[in-house]
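A.B. asks: According to this note's numbering, the sequence shown is numbered sequentially starting from 442. Below you will find the structure I want to go over with you.
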Amino acid sequence: MKYYQELTLIAQAEVSVYVIWTTLYTQLHLAFVEQKDTHNKTPYGVS
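Laid out in structure tokens, this is it:
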């Protein structure tokens, strides 16, 4: 692993952490799918 990014989600009065996480994860998934290489592989992931 060459890079590591830690994210901290902060709940808002209007939006729960669950909604923020779901939206973030969906957007990350879409961005990763768009970055697949010629072998249909994505060189990074989320854990």
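Every residue, glycine too, gets a C-beta built ideally from N, C-alpha and C.
Could you check what DSSP says for Glu475 in three-state terms: helix, strand or coil?
C.D. replies: Taking the sequence shown and counting its residues from 1, one reaches residue 475 at position 34. Three-state result, Glu475: helix.
A.B. asks: Just verifying my parser: in three-state terms, what is the DSSP assignment at Leu437?
C.D. replies: Residue 437 lies beyond the range of the chain shown here (442 to 488); nothing can be said about it.
A.B. asks: Is the beta carbon of Gln476 sitting closer than 8 Å to the one on Thr483?
C.D. replies: Reading the sequence shown from its first residue, position 35 is the one you call residue 476. Reading the sequence shown from its first residue, position 42 is the one you call residue 483. Yes.
A.B. asks: Taking a contact to mean a Cβ-Cβ separation below 8 Å, would you say Leu450 touches Val458 in this structure?
C.D. replies: The residue you call residue 450 lines up with position 9 of the sequence shown. The residue you call residue 458 lines up with position 17 of the sequence shown. Their beta carbons are under 8 Å apart, which means Leu450 touches Val458 by this criterion.
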